[in-house]
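First comes the structure, then the notes that go with it.
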Amino acid sequence: MNRFRSTLRRHDAASLIPLLSIGLLSIGVVARADQSLQRESKWDALSSDQMSTVLRSSLDEYGAGPSLIDQATEKFQGDLQTQSRDAIDAFVTAVASLTDSVEQLVALAEKDPVAAAVSIDPSAAEYAEIESLPKPIRMTVRTWLGRRLVRQRLYDEAMPVIAEVDPVASIDPASSLFYRGACYHALLMKKEALADLRLLLENEEDSPERFARLAKLMIADIKPLKEDSLDEISRLMTDVSRRLDLGRSGEKVEGQEQKIIDKLSKLIDKLEEQQQQQQQQQQSGGSGQGSSGGAQASPMQDSQIAGGSGAGNVDKKEQETDDKWGNLPPAERKEALQKISRDLPTHYRDAIEAYFRKRATDG
4 MNRFRSTLRR HDAASLIPLL SIGLLSIGVV ARADQSLQRE SKWDALSSDQ
54 MSTVLRSSLD EYGAGPSLID QATEKFQGDL QTQSRDAIDA FVTAVASLTD
104 SVEQLVALAE KDPVAAAVSI DPSAAEYAEI ESLPKPIRMT VRTWLGRRLV
154 RQRLYDEAMP VIAEVDPVAS IDPASSLFYR GACYHALLMK KEALADLRLL
204 LENEEDSPER FARLAKLMIA DIKPLKEDSL DEISRLMTDV SRRLDLGRSG
254 EKVEGQEQKI IDKLSKLIDK LEEQQQQQQQ QQQSGGSGQG SSGGAQASPM
304 QDSQIAGGSG AGNVDKKEQE TDDKWGNLPP AERKEALQKI SRDLPTHYRD
354 AIEAYFRKRA TDG
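If you want it as structure tokens, here you go:
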């Protein structure tokens, strides 16, 4: 009987081996599938050889001859190796040597980057020529020009250039994501900035160290930003100052200034409403304390303000949203600033004061 049980146990164990093998195999397949999905969800940096392959295939698609493709590729590789040149610059230079539209765009960008940005706007005649180029060339050229504009703080001009770039199609996805994320950050486009900067950090090991560090700082900076907060107003003031420094004084700047005025008015109105509510609560509390003293407190009732007898509604002051804010008299401006920044860090108050001084001077 014992021999039978022992044989049965051995038989059961043996029968489990195929099942265990299938289970382990399934786990391995699932693990590899998960790893594959994780790899596919990230962008990859290209080696110099891979960049050369992209260049060759793009020029071949464009219709360049084999000998010209060889020359352009050799120049590209030489620039990377001997001159330690930036990959995007080297790529655009190589492409420009064979494509008139890119050559003209590069020449224009050297003289006037804003005009270069305008030239590839959908309404421009040159737009069709650029858009007809192979995708890797288009995405890399747009990244190159967008980067140039961002470095000069021309964020409004850079946005339409780089907004629709597919980073994976660029020869330098990290640069595409970083400079577009920086552009979104500067323009207070929180959702878009976080998306690009987080995508950049998904493959942090392939990102330049300076990109990764700055991306983390920008994420930490813009993540807590809330609409209509004093932080947002301060950033809008900085943006207006940037535009004025660049000589911008058109409708866009006026619109930003009006937005600042409206948001400040809204903040002051909110603070006044809170102050009125606090005063009403204090008055109601004082009235309640006076009536809780019983017979001894009754002589005081006639001299106290009645509490709870009304609805507590207060007529709201009409807010003026014209251009008077910038030219408020010093005393009124000081009073307004005290209301806004009473419990806030000093740098906010300094930013608001500097902004109003600049508006008064420019006005």
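The opening position of the sequence shown corresponds to residue 4 in my numbering, with each subsequent residue numbered one higher. Beta carbons are placed, not taken as given, at the ideal position from N, Cα and C, and that holds for glycine.
Are Asp231 and Lys194 touching if we call contact CB-CB under 8 Å? no
For Leu152, collect the residues of the same chain with a Cβ closer than 7 Å to its Cβ; drop the 5 residues on either side in sequence, then sort them by chain order. Pro116, Ala120, Glu160, Ala161 and Val164
Burial state of Val243 (16 or more Cβ within 10 Å): buried
Neighbourhood of Ala34 by C-beta distance below 7 Å, restricted to the same chain and skipping five residues each side: Low confidence applies here, because Ala34 scores a pLDDT of 45, under 50, leaving its location unreliable; read the following figure in that light. Excluding residues within five positions, none has a Cβ falling inside 7 Å.
When you compare each of Ser287, Ile91, Ser60 and Gly68 to Ser178 by their alpha carbons, which one comes out closest? Ile91
If we call anything under 8 Å between Cβ atoms a contact, is Asp169 one with Ala48? no
Apart from the five residues on each side of it in sequence, which residues of its chain come closer than 6 Å, Cβ to Cβ, to Phe94? Thr143 and Ile174
Distance check for Lys45 and Gly26, CA to CA, integer angstroms please. Caution is warranted here: a pLDDT of 47 is assigned to Gly26, below 50, making its placement in the model unreliable, and the coordinate value is therefore given only provisionally. Cα-Cα distance, rounded: 29 Å.
Cβ pair Arg88, Thr76 closer than 8 Å: no
Roughly how many angstroms separate the alpha carbons of Val98 and Glu106, rounded to a whole number? 8 Å
Look at the alpha carbon of Thr324 and the alpha carbon of Asp265, and state the distance between them as a whole number of angstroms. Confidence at Thr324 is low in this model, with a pLDDT of 44, below 50, so the placement of that residue is unreliable and no value is reported for it.
C-beta atoms of Ile72 and Asp63 nearer than 8 Å: yes
For Leu101, which option in Arg183, Gln74 and Met54 has the closest C-alpha, if you only look at C-alpha atoms? Gln74
Determine the contact status of Ile263 and Ile225, defining contact as a CB-CB distance below 8 Å. no
Along the alpha helix (DSSP H) that carries Leu202, what are the first and last residues, could you check? Lys193 to Glu205
Just to confirm the assignment, what range does the alpha helix (DSSP H) spanning Trp46 have? Looking at the DSSP string, Trp46 is not in any alpha helix (DSSP H), and its letter there is neither H nor E.
Taking Gln84 as part of the alpha helix (DSSP H), name the residues at either end of that continuous run. Pro69 to Thr85
Nonlocal neighbours in the same chain, by C-beta distance under 7 Å from Ala215, ignoring five residues either side: Leu204 and Glu207
What's the call for Val171, buried or exposed, on a 16-neighbour Cβ count within 10 Å? exposed
Return no unless some Cβ of chain C is closer than 8 Å to the Cβ of Arg156. Of the chains in the structure shown, none is chain C; there is only one protein chain.
For the alpha helix (DSSP H) containing Leu233, list its first residue and its last residue. Leu233 to Asp248
On the CB-based measure, 16 or more other CB atoms within 10 Å of its CB, does Gly149 come out buried or exposed? buried
Rounded straight-line distance, which links the Cα of Glu257 to that of Arg245: 13 Å
Could you check if Ala67 is buried or exposed, using at least 16 other CB atoms within 10 Å of its CB as the buried criterion? buried
Please report the distance separating the alpha-carbon of Glu132 from that of Arg213. 35 Å
What's the gap between the Cα of Thr85 and the Cα of Gln53? 18 Å
Got a sec: does the ligand MN put a non-hydrogen atom nearer than 7 Å to the Cβ of Arg183? Looking for the ligand MN in the displayed structure turns up nothing, as the structure carries no ligands at all.
Which residue wins for smallest C-alpha separation from Val57, given the options Ile140, Tyr158, Leu202 and Gly250? Ile140
Beta carbon of Leu228 nearer than 8 Å to that of Leu191: yes
Residue range of the unbroken alpha helix (DSSP H) whose run includes Thr56: Ser51 to Tyr65
Return the chain-ordered list of same chain residues with a C-beta closer than 8 Å to the C-beta of Ser55, the five sequence neighbours on each side being excluded. Thr76, Phe79 and Gln80
What does the alpha-carbon distance come out to for the pair Pro69 and Leu220? 46 Å
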